[in-house]
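Chains as they are written, first to last, in this note's numbering: chain A, 249 to 470; chain B, 249 to 470. What follows is a single structure, written as structure tokens, with notes after it.
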DNA sequence: ACGATGAACGTTTCGTTGATTATTCACTGA
DNA sequence: TCAGTGAATAATCAACGAAACGTTCATCGT
């Protein structure tokens with residue numbers, strides 16, 4: 249039913265405008281309805297509740313981010329290890345820029361995290377699938393030697409935790425964050441290449457990206 | 249002045265009892281004073297304010313923890329790499345046990361973190377000194393090949409962030425946490441040994457603890 | 001002089017109440 | 001039948017006076 253979808257979209261647009269301007273808490277369902285010249289009650293024919301409107305907005309925005317991350321993950325011109333680093337890096341930088349540009353997004357994210365934690369976990373899971381794919385690819389190319397790809401992906405996300413949650417950034421600016429990010433990424437990705445690059449059978453040629461050359465410090469984004 | 253010190257200690261004991269029973273917020277200065285049969289005003293001759301009483305309690309408790317961690321760091325029977333892992337591990341487990349046993353501690357920690365963040369940073373810094381020493385030692389023994397020890401210690405703390413803050417544990421029980429901890433620790437510590445274990449000069453004998461054998465999964469604490 | 005007091009002060013917290021809000025539902029017009 | 005309504009309901013919020021709190025200080029007894 250395209251008519252219903254169209255109305256849903258109109259509601260989302262109106263809500264987005266209000267949320268951006270006044271914030272989630274200070275936007276009432278009645279206001280959103282009034283913007284669309286309808287009654288508050290009618291909104292509930294399109295969304296189960298207020299939080300679901302926020303969720304739908306977040307869905308859209310994460311869809312875009314996910315596409316972008318997937319693009320990075322599939323950039324054929326780069327090694328697997330570089331793409332893995334860039335994936336985490338892009339995630340951090342985009343979060344930083346988003347919050348810098350529009351702090352209201354932070355409020356929305358916080359509310360979603362407390363009211364629908366499973367939604368957040370699901371996003372994490374989707375991103376982990378990208379990581380999975382990269383690890384598998386790296387295993388095949390010889391860049392990595394990871395036994396349990398699922399597990400390793402989870403561990404990477406654990407260790408990168410600090411760079412995902414702005415609450416943990418404690419006023420660090422982007423350059424300082426990137427310095428830390430690079431340090432942690434280097435450690436982790438060297439760790440992934442560890443066994444492949446390491447001499448259990450020493451005659452095996454070093455992986456394409458030798459551990460000592462992995463992850464040159466990244467220039468700070470503009 | 250030992251008399252003053254003795255009174256300080258009595259105040260701390262009384263406060264500790266109240267904080268443990270009723271929590272920081274629900275304990276008033278007047279109550280602590282009444283427990284010691286003195287006036288509220290007199291407390292201020294021994295402590296600048298309520299928060300400083302909490303800080304003194306935390307100081308004591310972190311002194312003990314730090315001693316314990318230092319003991320682990322200097323355990324002569326273990327390799328440097330094992331001690332480094334055990335250091336982080338002990339920190340996580342002790343935090344877990346503490347909160348499990350007395351959730352009030354969590355409230356105290358949260359209050360200190362918001363009211364005196366520099367105190368928390370200082371604890372982090374002290375622990376980093378232990379890490380520094382271990383990395384230096386590992387460099388000498390050939391287990392590690394870390395160029396910038398200070399920087400590497402900071403990166404380790406960053407990557408271990410998730411295991412330090414109970415807020416990030418999201419209801420995971422200790423076994424699940426330890427599983428994640430082991431995974432991340434393996435990645436990181438292999439990363440540290442990376443260059444030492446890796447064949448830049450392939451004739452160099454593999455480090456004492458070959459990367460592939462580093463960090464066997466740790467049995468879950470009792 | 002000094003250790004201690006407790007009333008006094010400014011803030012923060014709390015409980016109550018009245019208003020606002022999210023949500024439901026019986027109903028309407030097409 | 002179905003998109004839409006708007007009054008009714010229940011949950012939440014905001015405001016405000018009262019109580020409690022952390023902290024200070026003039027004062028007391030020694």
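For each residue, glycine too, the CB sits at the ideal point set by N, CA and C.
**Q.** Three-state secondary structure (DSSP) of residue 322 of chain A
**A.** In the structure shown, the three-state DSSP call for residue 322 of chain A is coil.
Q) Excluding sequence positions up to five away, which residues of its chain have a Cβ less than 8 Å from the Cβ of residue 356 of chain A? A) Short of 8 Å from the beta carbon of residue 356 of chain A, and not among the five residues preceding or following it, lie these beta carbons of its own chain, in chain order: 267, 272, 302, 305, 306.
Q.
Here's a check: name, in chain order, each residue in its chain whose Cβ is nearer than 7 Å to the Cβ of residue 374 of chain B, leaving out the five neighbours to either side.
A. So the list reads 314, once near-sequence residues are dropped.
Q) Roughly how many angstroms separate the alpha carbons of residue 403 of chain B and residue 436 of chain A, rounded to a whole number? A) Per the coordinates, the alpha-carbon of residue 403 of chain B lies some 10 Å from the alpha-carbon of residue 436 of chain A.
Q: Using alpha carbons as the reference points, say which of A/391, A/339, A/255 lies closest to residue 286 of chain A.
A: Relative to the Cα of residue 286 of chain A, the nearest Cα in the group A/391, A/339, A/255 belongs to A/255.
Q.
Which of the three DSSP states is assigned to residue 448 of chain B in this structure?
A. Since pLDDT at residue 448 of chain B reaches only 30, below the 50 mark, its modelled position is unreliable, and no value is offered.
Q. Roughly how many whole angstroms lie between the Cα atoms of residue 432 of chain A and residue 288 of chain B?
A. So the alpha carbons of these two residues sit roughly 49 Å apart.
Q) Pairing CB atoms from the stretch 390–409 of chain B with CB atoms from the stretch 384–398 of chain A, are three or more of them under 8 Å? A) Under the three-pair Cβ rule at 8 Å, the stretch 390–409 of chain B does not count as touching the stretch 384–398 of chain A.
Q. Going along chain B, which residues have a C-beta under 7 Å from residue 399 of chain A?
A. Against chain B, a Cβ distance below 7 Å from residue 399 of chain A picks out 431.
(Q) Residues in the same chain with beta-carbon distance under 6 Å from residue 466 of chain B, minus the five sequence neighbours each way, listed in chain order, please. (A) Since pLDDT at residue 466 of chain B reaches only 40, below the 50 mark, its modelled position is unreliable, and no value is offered.
Q: Would you grab the beta carbon distance between residue 376 of chain A and residue 405 of chain A for me? Rounded to a whole angstrom, and I think it's under 8 Å.
A: That pair is a contact at about 6 Å.
Q. Could you check where the alpha helix (DSSP H) with residue 365 of chain A kicks off and where it finishes?
A. Counting along the chain, the alpha helix (DSSP H) containing residue 365 of chain A begins and ends at 365–389.
Q) From residue 371 of chain A to residue 409 of chain A, what does the alpha carbon distance come to, in whole angstroms? A) C-alpha separation (whole angstroms): 14 Å.
Q) Using DSSP with H/G/I as helix, E/B as strand and the rest coil, what is residue 290 of chain A? A) Correct three-state label for residue 290 of chain A: helix.
Q. How many Å lie between residue 423 of chain B and residue 344 of chain B at the Cα?
A. Distance between the alpha carbons of residue 423 of chain B and residue 344 of chain B: 11 Å.
Q. If you measure from the beta carbon of residue 363 of chain A to each beta carbon in chain B, is any gap under 7 Å?
A. Look at residue 363 of chain A: its C-beta is not under 7 Å from any C-beta on chain B.
Q. So, using beta-carbon positions, are residue 383 of chain B and residue 400 of chain B closer together than 7 Å?
A. For residue 383 of chain B and residue 400 of chain B, yes; Cβs fall inside 7 Å.
Q. Using a C-beta to C-beta distance shorter than 8 Å, which residues of chain A count as neighbours of residue 410 of chain B?
A. Within chain A, the C-beta atoms nearer than 8 Å to that of residue 410 of chain B come from 406, 407, 409, 410, in chain order.
Q.
For residue 403 of chain A, would you say it is in contact with chain B, using Cβ-to-Cβ distances shorter than 7 Å as the test?
A. At least one C-beta of chain B is nearer than 7 Å to the C-beta of residue 403 of chain A.
(Q) So, for residue 278 of chain A: in the same chain, excluding its five sequence neighbours on each side, which residues have a beta-carbon less than 7 Å away from its beta-carbon? (A) Within the same chain, residue 278 of chain A has close Cβ partners 288.
**Q.** Within the stretch 408–449 of chain B, ranges of the alpha helix (DSSP H) (whole runs, at least 4 residues)
**A.** Runs of the alpha helix (DSSP H) spanning 4 or more residues and lying entirely within the stretch 408–449 of chain B occur at 409–412, 422–445, in chain order.
Q: Output yes if chain B places a C-beta closer than 7 Å to the C-beta of residue 438 of chain A; else output no.
A: Residue 438 of chain A counts as touching chain B.
Q | residue 348 of chain B, enclosing alpha helix (DSSP H) - first and last residue | A | That run of the alpha helix (DSSP H) goes 328–349.
Q | Cut-off 8 Å between Cβ atoms - residues of its own chain near residue 244 of chain A, not counting five sequence neighbours on either side | A | Lying before the first or after the last residue shown, residue 244 of chain A is absent from chain A, which here runs from 249 to 470.
(Q) Taking CB distances under 7 Å as the criterion, tell me whether residue 428 of chain A reaches chain B. (A) Chain B, which has a Cβ nearer than 7 Å to the Cβ of residue 428 of chain A, makes this yes.
Q) Is residue 362 of chain A closer than 7 Å to residue 353 of chain A when the C-beta atoms are compared? A) No, the pair does not count as a contact, with Cβ atoms beyond the cut-off.
Q: May I have the straight-line CA-CA distance separating residue 336 of chain B from residue 294 of chain A, to the nearest angstrom?
A: Distance between residue 336 of chain B and residue 294 of chain A, taken at the CA atoms: about 50 Å.
(Q) By alpha-carbon positions, which one of A/331, A/341, A/380 ends up nearest to residue 397 of chain A? (A) The candidate whose alpha carbon is nearest that of residue 397 of chain A is A/380.
Q. Does the beta carbon of residue 435 of chain B come closer than 7 Å to any beta carbon on chain A?
A. Closer than 7 Å to some Cβ of chain A, the Cβ of residue 435 of chain B qualifies, so yes.
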